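Colleague: Heads up: the sequence shown at position 17 corresponds to 16 in numbering that gives the first Met the number 0, and the numbers run straight through without jumps. The beta-carbon is built from N, C-alpha and C at its ideal position, and this holds for glycine as well. Every value quoted in this text rests on a predicted model; they were computed, and no experiment measured them.
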Amino acid sequence: MNKNKSIAIKLRRRGKSYNQIVKILGTPKSTLALWLRGVEMSPDIRKKFWDSVKERQSKSITEFNKKQSEKAKKRAEEIQEDASKDIGKLSKRDLFLIGVALYWGEGYKKTRWVLSFSNSDPLMIKIIMRFFREICDIPKDKMKGAVQTHPNITPFKAVSYWSKISGIPKQQFQKTYTRLSPSSKQKRAQNTLPYGTFKISVCDYKIINKVKGWIKGISEKI
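#1: Between which two residues does the beta strand (DSSP E) harbouring M142 extend?
#2: May I ask you to verify whether the stretch 163–175 touches the stretch 79–93, counting CB pairs closer than 8 Å and requiring at least 3?
#3: Which residues in the same chain as T177 place their Cβ atom closer than 7 Å to its Cβ, once the five residues preceding and following it in sequence are excluded?
#4: How would you write the range of the alpha helix (DSSP H) that F48 sits in, first residue to last?
#5: Hey, V146 and F197: beta-carbon distance below 8 Å or not?
#6: With F116 as the anchor, note down where its beta strand (DSSP E) starts and where it stops.
#7: Give me, in chain order, the residues of the same chain whose beta-carbon lies closer than 6 Å to that of Y194; leave out the 5 immediate sequence neighbours on both sides.
#8: Between the Cα of V99 and the Cα atoms of C135, Y17, W49, R74, which residue gives the shortest distance?
#9: My guess is that R12 and V38 are in contact by the Cβ rule of under 8 Å, so how many angstroms apart are they, rounded?
#10: Within 10 angstroms of its Cβ, does V201 collect 16 or more other Cβ (buried), or is it exposed?
#11: Which of the three DSSP states, helix, strand or coil, is assigned to V201?
#12: Identify which residue in D81, G144, D140 has its Cα closest to the Cα of N118.
#13: Work out the CA separation of I126 and F116 for me, nearest whole Å.
#14: Determine the direct distance from the alpha carbon of D85 to that of D140, and round the result to whole angstroms.
#15: Hey, how far is the Cα of L96 from the Cα of Y107?
#16: T30 bridges to which residues according to DSSP?
#17: What do you reckon, are the CB atoms on K47 and G25 nearer than 8 Å?
#18: To the nearest angstrom, report how far apart A7 and A82 are at their CA atoms.
#19: Secondary structure at G87, three-state DSSP: helix, strand or coil?
#20: Which residues in the same chain have their Cβ closer than 6 Å to the Cβ of T110, if we skip the five residues on either side of it in sequence?
#21: Using three-state DSSP, classify G106 as helix, strand or coil.
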């Protein structure tokens, strides 16, 4: 028997794949197919062989998905970067409409006395603060801040964070309160809402009703 053929048969019975045998012997795969026709592996070796095949396939699929995910992420970033250039410089009119729309969607509207807006997104808080200051002309000393936290948050850090984001002094913050929904069962992840939810309140009858009027005006033009 050809020496390489004998070695190929032994390697195959030990669970080596065709590709592995080709690398070891340098024999064409077509030749191996003839030599190894009918060569059987033991049940244990066959199981290990197929387990190895499945593991390689799983790794291959994982790597492929990772590459596709990275490509999709890069493409999304390119689209977003390109689209962001469509905005340009925001005018006072733009800020006015953005602020009214934000309050319409996220602000508390059931009272006639208090303007109140809550959110956990710092960028949204910055925008609504500009709306309150520049459009509603609300002085800083009329604004009250409050933070709703969960057990994983240090209240002092949360207050410091939102004070910096909003520009509202810490001494104008109301007492921080901790709340955990029954569904979370004390299992909230550490990185979920790392600084809790921030609420801005302004007790002013005229301003809250003015904002409601702006919302009404937009709704009637749609």
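Modeller: If we stick to the structure as given:
#1: Position 143 of the sequence shown, counted from the start, is the residue given in the question as residue 142. Counting along the chain, the beta strand (DSSP E) containing M142 begins and ends at 142–148.
#2: no
#3: Taking the first residue of the sequence shown as position 1, residue 177 is located at position 178. Correct list, in chain order: T148, H149, P150.
#4: Here residue 48 is taken as the residue at index 49 of the sequence shown, counted from 1. Per DSSP, F48 belongs to the alpha helix (DSSP H) from 42–83.
#5: Position 147 of the sequence shown, counting from 1, holds the residue named residue 146. Position 198 of the sequence shown, counting from 1, holds the residue named residue 197. Cβ distance < 8 Å, so V146 and F197 count as in contact.
#6: Reading the sequence shown from its first residue, position 117 is the one you call residue 116. Its beta strand (DSSP E) spans residues 113–118.
#7: The sequence position of residue 194 within the sequence shown is 195, counting from 1. For Y194, where only same-chain residues beyond five positions count, the Cβ hits under 6 Å are A157, Y160.
#8: In the sequence shown, counting from the first residue as 1, residue 99 sits at position 100. Ranking C135, Y17, W49, R74 by Cα distance to V99 puts C135 first.
#9: Walking along the sequence shown from the start, residue 12 turns up at place 13. Walking along the sequence shown from the start, residue 38 turns up at place 39. Rounded, the Cβ-Cβ distance is 7 Å, consistent with contact.
#10: As a position in the sequence shown, residue 201 is number 202, starting the count at 1. V201 should be labelled buried.
#11: Here residue 201 is taken as the residue at index 202 of the sequence shown, counted from 1. Reduced to three states, the DSSP call for V201 is strand.
#12: For the purposes of this step, residue 118 is taken as the residue at position 119 of the sequence shown. For N118, the nearest C-alpha among the options comes from G144.
#13: The count along the sequence shown starts at 1 and reaches residue 116 at position 117. The count along the sequence shown starts at 1 and reaches residue 126 at position 127. Answer to the nearest angstrom: the Cα atoms are 11 Å apart.
#14: As a working note, residue 140 is residue 141 in the sequence shown. As a working note, residue 85 is residue 86 in the sequence shown. Near 36 Å, if we compare the C-alpha coordinates of D85 and D140.
#15: Walking along the sequence shown from the start, residue 96 turns up at place 97. Walking along the sequence shown from the start, residue 107 turns up at place 108. Rounded to whole angstroms, L96 to Y107 spans 17 Å at the Cα level.
#16: As a position in the sequence shown, residue 30 is number 31, starting the count at 1. None; T30 has no bridge partner.
#17: To locate residue 47, count along the sequence shown from 1; it is residue 48. To locate residue 25, count along the sequence shown from 1; it is residue 26. Cβ atoms of K47 and G25: not closer than 8 Å.
#18: By 1-based counting over the sequence shown, the position of residue 7 is 8. By 1-based counting over the sequence shown, the position of residue 82 is 83. Taking the straight line joining both Cα atoms gives about 59 Å.
#19: Numbered from its first residue, the sequence shown carries residue 87 at position 88. Coil.
#20: Here the question's residue 110 lines up with position 111 in the sequence shown. Closer than 6 Å at the Cβ level, and outside the excluded window around T110, lies no residue.
#21: In the sequence shown, residue 106 corresponds to position 107, counting from 1. Strand, per DSSP.
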